[in-house]
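**Q**
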Amino acid sequence: MTESLAITKFSDLANPTRFLGLAARILPWMAGATAILFAIGLYLSFTTEGDYQQGMTVRIMYVHVPAAWLSMMCYSVMAVSAIGTLVWRHPLADVSHKAAAPLGAAFTLIALATGSLWGKPMWGTWWVWDARLTSVFVLFLMYLGLIALNRAMDDPGRAARLSAVLILVGFVNIPIIKFSVDWWNTLHQPASVIRMDGPTIDQEFLWPLLFMAIAFTTLFFTLHVMAMRNEIWRRRITAQRRMAARMAGRTPGSEA
Amino acid sequence: MTALLLRDFKLSVRAGGGALIGVLFFMTVVAVIPFGVGPDLNLLSRIGPAIVWIGALLSALLGLDRLFQTEREDGSLDLLLMQEQPLVLTVLVKCLAHWLGNALPLVVASPLLGLFMNMSEIAVGATMLTLLVGTPALTFIGAVGAAVAVTLPRGGLLVSILVLPLAIPVLIFGVSASYAAVEDPAPFMPPFLILVAITMFFAVIGPLGAALALRNTND
Amino acid sequence: MIKILTKVPEMRLTAENLSARRGEDLIFQDVSFDLSAGGALVLTGRNGSGKSTLLRVVAGLLRPETGRVTWHSDTAESGMHAAEACHYLGHRNAMKVELTVAENLSFWKDFLGDFAGGRGISIGEAADAVGLGGITHLPFGYLSAGQQRRMAFAKLLVAHRPVWILDEPTAALDVSAEGVFTTLIKTHLADGGIMLAATHQPLGLENAKELRMTGFAGIAEERW
Numbered sequence: 029m030t031e032s033l034a035i036t037k038f039s040d041l042a043n044p045t046r047f048l049g050l051a052a053r054i055l056p057w058m059a060g061a062t063a064i065l066f067a068i069g070l071y072l073s074f075t076t077e078g079d080y081q082q083g084m085t086v087r088i089m090y091v092h093v094p095a096a097w098l099s100m101m102c103y104s105v106m107a108v109s110a111i112g113t114l115v116w117r118h119p120l121a122d123v124s125h126k127a128a129a130p131l132g133a134a135f136t137l138i139a140l141a142t143g144s145l146w147g148k149p150m151w152g153t154w155w156v157w158d159a160r161l162t163s164v165f166v167l168f169l170m171y172l173g174l175i176a177l178n179r180a181m182d183d184p185g186r187a188a189r190l191s192a193v194l195i196l197v198g199f200v201n202i203p204i205i206k207f208s209v210d211w212w213n214t215l216h217q218p219a220s221v222i223r224m225d226g227p228t229i230d231q232e233f234l235w236p237l238l239f240m241a242i243a244f245t246t247l248f249f250t251l252h253v254m255a256m257r258n259e260i261w262r263r264r265i266t267a268q269r270r271m272a273a274r275m276a277g278r279t280p281g282s283e284a
Numbered sequence: 062m063t064a065l066l067l068r069d070f071k072l073s074v075r076a077g078g079g080a081l082i083g084v085l086f087f088m089t090v091v092a093v094i095p096f097g098v099g100p101d102l103n104l105l106s107r108i109g110p111a112i113v114w115i116g117a118l119l120s121a122l123l124g125l126d127r128l129f130q131t132e133r134e135d136g137s138l139d140l141l142l143m144q145e146q147p148l149v150l151t152v153l154v155k156c157l158a159h160w161l162g163n164a165l166p167l168v169v170a171s172p173l174l175g176l177f178m179n180m181s182e183i184a185v186g187a188t189m190l191t192l193l194v195g196t197p198a199l200t201f202i203g204a205v206g207a208a209v210a211v212t213l214p215r216g217g218l219l220v221s222i223l224v225l226p227l228a229i230p231v232l233i234f235g236v237s238a239s240y241a242a243v244e245d246p247a248p249f250m251p252p253f254l255i256l257v258a259i260t261m262f263f264a265v266i267g268p269l270g271a272a273l274a275l276r277n278t279n280d
Numbered sequence: 041m042i043k044i045l046t047k048v049p050e051m052r053l054t055a056e057n058l059s060a061r062r063g064e065d066l067i068f069q070d071v072s073f074d075l076s077a078g079g080a081l082v083l084t085g086r087n088g089s090g091k092s093t094l095l096r097v098v099a100g101l102l103r104p105e106t107g108r109v110t111w112h113s114d115t116a117e118s119g120m121h122a123a124e125a126c127h128y129l130g131h132r133n134a135m136k137v138e139l140t141v142a143e144n145l146s147f148w149k150d151f152l153g154d155f156a157g158g159r160g161i162s163i164g165e166a167a168d169a170v171g172l173g174g175i176t177h178l179p180f181g182y183l184s185a186g187q188q189r190r191m192a193f194a195k196l197l198v199a200h201r202p203v204w205i206l207d208e209p210t211a212a213l214d215v216s217a218e219g220v221f222t223t224l225i226k227t228h229l230a231d232g233g234i235m236l237a238a239t240h241q242p243l244g245l246e247n248a249k250e251l252r253m254t255g256f257a258g259i260a261e262e263r264w
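Residue numbers (this note's numbering), protein chains in the order written: chain A, 29 to 284; chain B, 62 to 280; chain C, 41 to 264.
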């Protein structure tokens, strides 16, 4: 009984019109929260002292680490949506993973670029082919491939289902990225915030990093909801234009 | 199923099939490298396994986009989809036939190219062995890309873009196993066994994904 | 008629309230039919009226928007897909031009296998039946369009399926070849088979039901 109620609730939300209504209501709040969190996060990032070894460059971490987290979370969101597309064939799931792909690519690009900027002073080179960097780069390529696939097909429903298959097959890359630094002992440092035995990172760095991570996450969801809203509008316009084209050649009453 | 295997193998070997073109492409790619890096035999023997592997990777991708596209163009795909036997199995058999017809000739041709690259006998053997074990994974990964792009008129390029990122682990472990065979401190078995594991993993994921994609292209 | 029904196993192909769409258009809506052994359904209508779409839905190649297709027979296990009982001859012949006719036909004979309750005839007999005996050693690509179509039809004979789904079977054929097809279809029906066909030309079947497709049943319910 409760389960069926929950499903009804969910499918209510999953109706595109309801989704648009909800999006209109919560978007200002989400945008506001993102702005406030970014203000706090950036303030903390720039007021805490630099690392005695790394100096000012450690502040790159406050952008780099959240962006890297987001690059993987975005893919996971897409994988969940892909299951929604293939199992329930829900149009909103189609929209969700289509809208998320460019965001994921952007966050991955930020992570790669900031990592490169950080690597120059620390490792003495812009780029190394270690496991973490390579697998994140592969992730970036996969995002671009998915965007290319979506653009190559004119039927949005089919494009959504096929990219969903590809997202799920490509999902094997996520654990590889997550554990690459543990499996291969390479230049990139291992995870230091979320660990079984508590964070190894200093308290002083933890707070700004935490705020920046939450800020990035809310930013992602804000942008994602906005992108989904745009995609729904775009599809409505496409549908209406198609219908206009369809109606133009028909004299009323002869068909249908 | 044997009938399907035989038919696909025949098709890839007959005139117009991809087998010969794949091998020629492989040889051309490898032959072009010395022009780029210079005829230094020491350098060539050092980078030889990597060059042979990259050449094999590119040639393996070459014919893959036709894996389902030809079937779709002449209407056979409809009949393959309608049958009682699981589509996953049909895809798996098609992959095997494609591997036999297109990738196995590459493996056979690789020692010759290894000699061109001044590689030692052990390196040639190791590269051939890793290719033998690793190329099926490329075919299985490629099957997903081929199935996804089956409706696209110019799907070939897109298949490569979609497939290459997933093929990178195969390349990494294939090449590192080949190097480990000649360079002393590194053991050969761990990367080789990981390569075997990757192949077996994609032998499951690849046909599943491709079958799912084929089911979804039609409606 | 009764004699035939007692001879063949009880079977039925049923479609309930099928509707399908292409893009935003509903191609057809609420199509239902019920065919038992010896039954034939002929779809007529102009190009683009949804004949092929309906046939592809019945063959399980397109997912219908609503409704379902079911297959009942006393030999088939329950829950079986209707498509498994069907031969589908689409616009394209599903034959490889690089292979010989015999290779093509023997592949399909092996791959398709016989459906419970019947046996396919040999490749030579099938080629004779479509009037092209003796050229099975030639590559399929050497044949003319009409001959290719006939050989594609021979594919239906080498493996047994109770239901034939034929999409414009007589396209690219001359009158005499049409006659051959009509005879084969009549034999199939007399043996207790079922046939669905989309066609421009009348196939000359006496007791076939006719379904007129009009195309464009309206705009699909708003999704966005």
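Cβ coordinates follow ideal geometry from the N, Cα and C atoms, glycine included. Please read all numbers here as calculations on a predicted model, not as lab measurements.
Where in the segment 101-189 of chain C do unbroken runs of the alpha helix (DSSP H), each at least 4 residues long, occur, reported from the N-terminal end onward?
**A** Correct list: 141-152 and 163-169.
**Q** Residues in the same chain with beta-carbon distance under 7 Å from C/Asn57, minus the five sequence neighbours each way, listed in chain order, please.
**A** Answer for C/Asn57: Asp70, Ser72, Thr106 and Gly107, listed in chain order.
**Q** Would you mind reading off the limits of the alpha helix (DSSP H) that contains A/Asp122?
**A** Pro119 to Trp151 is the extent of the alpha helix (DSSP H) around A/Asp122.
**Q** What in chain C is Cβ-close to B/Gln144, meaning under 9 Å?
**A** By Cβ distance, chain C contributes Ala123, Glu124, Phe151, Leu152 and Gly153.
**Q** Could you give the distance in angstroms between the alpha-carbon of C/Thr110 and the alpha-carbon of C/Ala212?
**A** Looking at the two C-alpha atoms, the distance is approximately 32 Å.
**Q** Report yes or no: is there a C-beta of chain A within less than 8 Å of the C-beta of B/Thr278?
**A** Chain A contact via Cβ: present.
**Q** Any Cβ of chain A within less than 8 Å of the Cβ of B/Ile82?
**A** No - not a single Cβ of chain A is within 8 Å of the one on B/Ile82.
**Q** Closest Cβ-Cβ distance between A/Arg189 and chain B: below 8 Å?
**A** It does: the Cβ of A/Arg189 has a partner Cβ on chain B nearer than 8 Å.
**Q** Roughly how many angstroms separate the alpha carbons of B/Ala80 and B/Leu118, rounded to a whole number?
**A** About 14 Å.
**Q** Just verifying my parser: in three-state terms, what is the DSSP assignment at C/Val203?
**A** Of the three classes helix, strand and coil, the one that applies to C/Val203 here is strand, per DSSP.
**Q** Quick check: the Cα distance between C/His228 and C/Val97, rounded to an integer number of angstroms?
**A** Their backbone Cα atoms lie some 22 Å apart in a straight line.
**Q** In this structure, what does DSSP give as the bridge partners for C/Lys249?
**A** Answer is C/Leu81.
**Q** Just confirm the distance between the C-beta atoms of C/Met253 and C/Leu83, as a whole number of angstroms; I'd bet it's less than 8 Å.
**A** Right, the Cβ-Cβ distance comes to about 6 Å (below 8 Å), so this counts as a contact.
**Q** Leaving out the 5 sequence neighbours to the left and right, which residues in its chain are closer than 6 Å to A/Met240 when beta-carbon positions are compared?
**A** If we look at A/Met240 and ignore the five residues flanking it on each side, its Cβ neighbours are Gly69, Tyr90 and Pro94.
**Q** Compare the Cα-Cα distances from C/Glu101 to each of B/Gly97, B/Phe70 and B/Leu141 and report the closest residue.
**A** Going by the sequence as given, residue 101 of chain C is Leu instead of Glu. Nearest C-alpha to C/Leu101: B/Leu141.
**Q** Closer than 8 Å, CB to CB, is A/Met181 near chain B or not?
**A** Yes, A/Met181 lies at the interface with chain B (some Cβ there is under 8 Å from its Cβ).
**Q** Within a Cβ cutoff of 7 Å, which residues of the same chain sit near C/Ser89, ignoring the five residues on either side of it in sequence?
**A** Here the set comprises Met253, Thr254 and Gly255.
**Q** Please report the distance separating the alpha-carbon of C/Pro242 from that of C/Met191.
**A** So the two alpha carbons sit approximately 21 Å from each other.
**Q** Strictly under 8 Å for the Cβ-Cβ distance: is A/Gly49 near chain B by that measure?
**A** Not closer than 8 Å to any Cβ of chain B, the Cβ of A/Gly49 fails to qualify, so no.
**Q** So, using beta-carbon positions, are B/Val220 and B/Gly203 closer together than 8 Å?
**A** Yes, they are a contact pair.
**Q** When you compare the CB of A/Arg160 with every CB in chain B, is at least one pair closer than 8 Å?
**A** No, because no Cβ of chain B sits closer than 8 Å to the Cβ of A/Arg160.
**Q** For the beta strand (DSSP E) containing C/Arg62, list its first residue and its last residue.
**A** Run containing C/Arg62: Met51 to Arg62, per the beta strand (DSSP E) assignment.
**Q** Could you round the C-beta distance between A/Ala255 and A/Leu131 to whole angstroms and report it? I think they count as a contact, below 8 Å.
**A** Right, the Cβ-Cβ distance comes to about 7 Å (below 8 Å), so this counts as a contact.
**Q** Does the beta carbon of B/Lys155 come closer than 8 Å to any beta carbon on chain C?
**A** Chain C, which has no Cβ nearer than 8 Å to the Cβ of B/Lys155, makes this no.
**Q** Show which residues of chain C have a CB atom less than 7 Å away from the CB atom of B/Ala64.
**A** Under the 7 Å cutoff, chain C gives Phe147, Asp150 and Phe151.
**Q** Counting only beta-carbon atoms, is A/Leu194 nearer than 8 Å to chain B?
**A** For A/Leu194, the answer is yes, since a Cβ of chain B falls inside 8 Å of its Cβ.
**Q** Taking the straight line between their C-alpha atoms, what separation do you get for A/Tyr320 and A/Ala133?
**A** No answer is possible for residue 320 of chain A: it lies beyond the span of chain A, which begins at 29 and ends at 284.
**Q** May I ask which residues mark the beginning and end of the alpha helix (DSSP H) holding C/Leu75?
**A** Element bounds for C/Leu75: not the alpha helix (DSSP H) but the beta strand (DSSP E), Asp65 to Ser76.
**Q** Please confirm if B/Leu148 has its CB atom under 8 Å from at least one CB of chain A.
**A** It does not: the Cβ of B/Leu148 has no partner Cβ on chain A nearer than 8 Å.
**Q** Residues in its own chain within less than 7 Å of B/Pro252 by CB, not counting five upstream and five downstream?
**A** Taken in chain order, the residues that qualify are Phe234, Ser237, Ala238 and Ala241.
**Q** Nearest to C/Gly171 by alpha carbon, out of C/Glu138, C/Ser216, C/Gly160 and C/Lys136?
**A** Nearest option by C-alpha distance: C/Ser216.
**Q** Put B/Leu213 into one of helix, strand or coil per three-state DSSP.
**A** B/Leu213: coil per DSSP, three-state reduction.
**Q** Between the beta-carbon of B/Thr325 and the beta-carbon of B/Pro110, is there less than 8 Å?
**A** Nothing about residue 325 of chain B can be read from this structure; chain B reaches only from 62 to 280.
**Q** Where does A/Gly281 fall in DSSP's three states?
**A** At A/Gly281, the pLDDT of 46 sits below 50, so the modelled position is not reliable; the number obtained from the coordinates is stated separately. Coil at A/Gly281, not helix or strand.
**Q** Since C/Leu236 is in the beta strand (DSSP E), which residue starts that stretch and which ends it?
**A** Note, C/Leu236: beta strand (DSSP E), Ile234 to Ala238.
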